[in-house]
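The structure under discussion appears below in the form of C-alpha cells.
Chains as they are written, first to last, in this note's numbering: chain H, 1 to 209; chain A, 1001 to 1596.
Given below as C-alpha cells:
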C-alpha cells in the first residue's frame, strides 16, 4: 500500500539532506554483542574478565578523547579513568538495546567535559582536509579547500558544544547516525535532522563571511 | 568554552596507542580505588597527628556541653570537628590530593549538625528539630574492626529539605544511572555519623538504626539512596515507608498509590485503550479492504482486453488451433492468425513446410506477444508471434473489442473510485486517531495538573495538621536521600550568559544553580557562558551562582521569565548580594524566597 498517507510522509523528500553513506568501523555484530554481554556479566563478578573489553575498546575510546583534548598524555590518562569508572560502575550496566560501547562513550564524554570544566585544558577541535572535503560535499558546496577550508574549520570550532559533537562524530569519526543517537541519547532521526540544521547553519556562515 | 583548532594534526598510529594499553595498571588502580580513601595509609598518616592533638579537646567539649541544637558555641565546636574527622567535607580531601566531591560553595554557611550523646549499651531515641526521630537500639555501634562499642557515643545528625539546604551543603544532587545523569527531586535527605574518642564508628549490622524523617513530600515515587563518597555516586538501596502520624500512639501506613490509583486516570486509560482498540480494528479492516481492491484493480488491468491488430500482408503469418480454456483472452476471437514478429532472426524457411508433431504456446515478454514452440523428434524451435485478424474478422473483432473495452473501462473506473473513497476514509481515520491521541495527551496533562494541585493542598494541610514521615533503616553512616531522579527542565535550551547589572559577564568558578519552583530539586550547570542551559520558561524559576568574591549572584523569577527565549544566546542579569546578606541558611532562603 505504497500510497497510504503514513508511508507518504515517511518517504517525503522535501527537507531530507543527502548524507554520504557511512560504514561504521565501530559496528558490533549481533554475535559479537552477545559474546560481549556474556563477558560483561562475567566481569561483574571477576574484574579480570574486563581485559577483553578493555583491549577491544581502548583505541576507539582514546581516539574519541584525543579528538577533544590536545594533550596526548592527558588523553591517555583520561582513557584509563574512563575504563576505571566503567569497571567501578559495571554492576550498574544493564543491556537495554544500547551497546556497551555507547555506554563507554557516554562515560568518556562525561570525563572529557569534567576535565574541561576544571579548566585544566582547552577544548580542542581537530580537523583534517579530508574531513573538511567530506563536509563540503554533504553541504553540497563547492569543494574548494583553499577558499573555504579555513573558514569552515573556524565555523565548526565556533559551534555550540552539542552541535560540535554531532559534527565530530559524523564527519571526523565517521559514525553512522544510529550510533551517534545511542551515544548522545537521541533518536537516529533526530541526529539526522540536527546535523542537517547544523550544515545549513554552517552554509549560512560561509556565505556571509 | 574556549577552543583550539588544529588542522591536519599528526596522526597517532594504532601501534603507539597499543603501547600505552595497560590493563595491569588499571586493575591496580581499581583495587586501590575500591578501598574507601579514609582507610588509605596516606590518609591515616596525614591526619593522625591532627587527631591526637584535638581528641582531648573534642572529648571534653562533647561530653561537657548542654544538649541544645541551636547553641552557637556548639556550632563552632562542630566546625572544628568536621575539619579533622568529617570525611564528607572536602577540606581534608584536598590535602590528600583528591578532587573535592562534597564542596559547600559558601564559606562558613552550611546546615549545622545536631549533636547527641548516646549510651551505646542502652540505646536511645533522638528527636530532631523538624520532628524527626532516630531510634538507636542498644549495642548499635562497632569500631572499624567490628568490635562492639560500650559507653558514651557522640551522634551527629542533620537534615536537608529544600534546594537551599542542598546548595549550601555542597552534596551533589545528580545521580548517574548507567551513564545517564539525572537530578534528584528530593523528599528529604539526612546525614548521620557517630564518634567515640574522636574515632568514627560503624553501625552494628545486627542492630540497624531506624530513621523516621519528617517530610513535606507525600508522594510514592521516591527511592532511597546512599551517597558513595568513594565511587562519587549515589547507590540505590530501596524504598522507604511512608507513615502519617496522627498522635504519638497511633500510626497508619498510607496507601501510597495515589497517582497511579487515581480512579479518574484509570477511567481515562480504559477509555483510551478501548478507543485505540476500536480504531486499530477499523484501521486494519480498511487497510485490508484497500489492499484487496488494489489487487483486484491490478488483476483487471493485467487482463485488459487486447485491441485486435490487422494482418500485415508483408509479414509472414500462420494459423494455430487455440485451446480457449488455456488462453481465455482469445475466447472471443475467431480465426486468429499469428504474425511472425520482427524480433525473430534467422527463421528457417522449412518452419512453414515441416509437419510438426507438437506445438505449445506461452505468453511472451512483450505485452501481446506469444512464444510458439514447435517440436518434431529432436528438432525444437521457438518463435515470437503476434495474433492478428484478416478482413471481416478484423472488423467483427474490433466491434466486439470496443464493446468489451467500454465495459472494462466502466468497471475499472468504478473500482478505482471505490478504492479512492476507501483511501479517503482511511486518511480521515488516521487524522481522527491523531486528534484523539492529542486529546488524550491533553486530558492526561490536565489530570496531572489536577493531581499536582491536590498534592499541593495536601502538603499545605500537612504543614498544619498531620505529620508525614519517611521511615527507613540504615546499617551504615553517611548521607541518605529519599529521592526521585528527574530529567533537566524542558521548554528552552539556550546558550546562557550570566551578567551583572552593567551587562559584564560574571566571573565564577562555581556551578550555576537553577530551581524550578514547581519541583524540590536543585539543577546544576557549569560554565559561564553555559552552552546548553535548559529551563522551563512556562514555570517560575530562580537562578543563582557564587562569585569569586564568595557573594551570591541571583536572577529572580521575573528576570528569568523576561528572558523569554527558547533557543539561542540569552543574557541572565544577576543581582549580587554581599557576604553579610547571605551569612546564614535562613537569610539565603528568605532572599531566594525558598522556604520549607
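No residue lacks a Cβ here, since even glycine has one placed at the ideal position from N, Cα and C.
Within the same chain, Cβ atoms closer than 8 Å to the Cβ of residue 1511 of chain A are found at 1105, 1524, 1525, 1526, 1545, the five residues on either side in sequence being excluded. Annotation: residue 1340 of chain A to residue 1293 of chain A spans about 38 Å, alpha carbon to alpha carbon. Within the segment 51-64 of chain H, the residues whose Cβ lies closer than 9 Å to some Cβ of chain A are 51, 54, 55, 58, 59, 62, 63, listed in chain order. The DSSP-derived three-state label of residue 1521 of chain A is strand.
By the Cβ criterion, the segment 1569-1581 of chain A is not in contact with the segment 1145-1153 of chain A, since fewer than three pairs of Cβ atoms, one from each stretch, lie closer than 8 Å. In the three-state reduction of the DSSP assignment, residue 1230 of chain A falls in the coil class, being assigned neither a helical nor a strand state.
If you check the CB distance, residue 1310 of chain A and residue 1394 of chain A come in under 8 Å. The C-beta distance from residue 1554 of chain A to residue 1570 of chain A rounds to 16 Å, too long to fall under 8 Å, and the pair is not in contact.
Within chain H, the C-beta atoms nearer than 9 Å to that of residue 1532 of chain A come from 160, 161, 162, in chain order. Distances from the alpha-carbon of residue 1127 of chain A to those of A:1231, A:1221, A:1452, A:1210 put A:1210 closest.
Close to residue 87 of chain H, with beta-carbon spacing below 8 Å, are these residues of chain A in chain order: 1026, 1030. With a threshold of 8 Å between beta carbons, residue 124 of chain H makes contact with chain A. Taking residue 208 of chain H as reference, the option from H:155, H:53, H:68, H:90 with the minimal CA-CA separation is H:155.
Residue 1476 of chain A is a Cβ neighbour of residue 1202 of chain A, given a cutoff of 8 Å. DSSP places residue 181 of chain H inside the alpha helix (DSSP H), whose first and last residues are 177-184.
At a C-beta separation below 8 Å, residue 137 of chain H has no neighbours in chain A, since its nearest C-beta there lies roughly 18 Å away.
For residue 1485 of chain A, the beta-bridge partners assigned by DSSP are A:1184. For residue 1159 of chain A, there is no enclosing alpha helix (DSSP H); the residue is found in the beta strand (DSSP E) stretching over 1152-1160. Think of a sphere of 7 Å around the beta carbon of residue 153 of chain H: the chain A residues whose beta carbon falls inside it are 1005, 1007, in chain order. Under a criterion of Cβ atoms nearer than 8 Å, the residues of chain A adjacent to residue 70 of chain H are, in order, 1004, 1006. At a cut-off of 8 Å between C-beta atoms, residue 197 of chain H does not count as an interface residue with respect to chain A.
In this structure, DSSP gives residue 1544 of chain A an extended state, which the three-state scheme calls strand. For residue 1014 of chain A, the chain H residues whose C-beta falls within less than 9 Å of its own C-beta are 59, listed in chain order. At a beta-carbon threshold of 8 Å, the residues of chain H lying near residue 1017 of chain A are 58, 59, 62, 63, ordered along the chain. For residue 154 of chain H, the enclosing alpha helix (DSSP H) covers residues 150-157. Contact between the segment 102-120 of chain H and the segment 63-71 of chain H is present: 3 or more CB-CB pairs across the two stretches fall below 8 Å. Within the same chain, Cβ atoms closer than 7 Å to the Cβ of residue 1170 of chain A are found at 1102, 1103, 1104, 1105, the five residues on either side in sequence being excluded. Residue pairing by DSSP places residue 1176 of chain A opposite A:1181 in a beta bridge.
Each of A:1027, A:1190, A:1275 was checked against the Cα of residue 1214 of chain A, and the nearest Cα belongs to A:1190. Runs of the beta strand (DSSP E) spanning 3 or more residues and lying entirely within the segment 102-147 of chain H occur at 123-127, in chain order. When the beta-carbon positions are compared, residue 1186 of chain A and residue 1483 of chain A come within less than 8 Å of each other. For residue 1379 of chain A, the uninterrupted beta strand (DSSP E) segment begins and ends at 1379-1388.
DSSP, read as helix, strand or coil, puts residue 171 of chain H in helix.
Taking the C-beta atoms as reference points, residue 1304 of chain A is found no nearer than 8 Å to residue 1386 of chain A. Bridge partners of residue 1505 of chain A according to DSSP: A:1499. Residue burial annotation: residue 34 of chain H is exposed, with fewer than 16 other C-beta atoms found within 10 angstroms of its C-beta.
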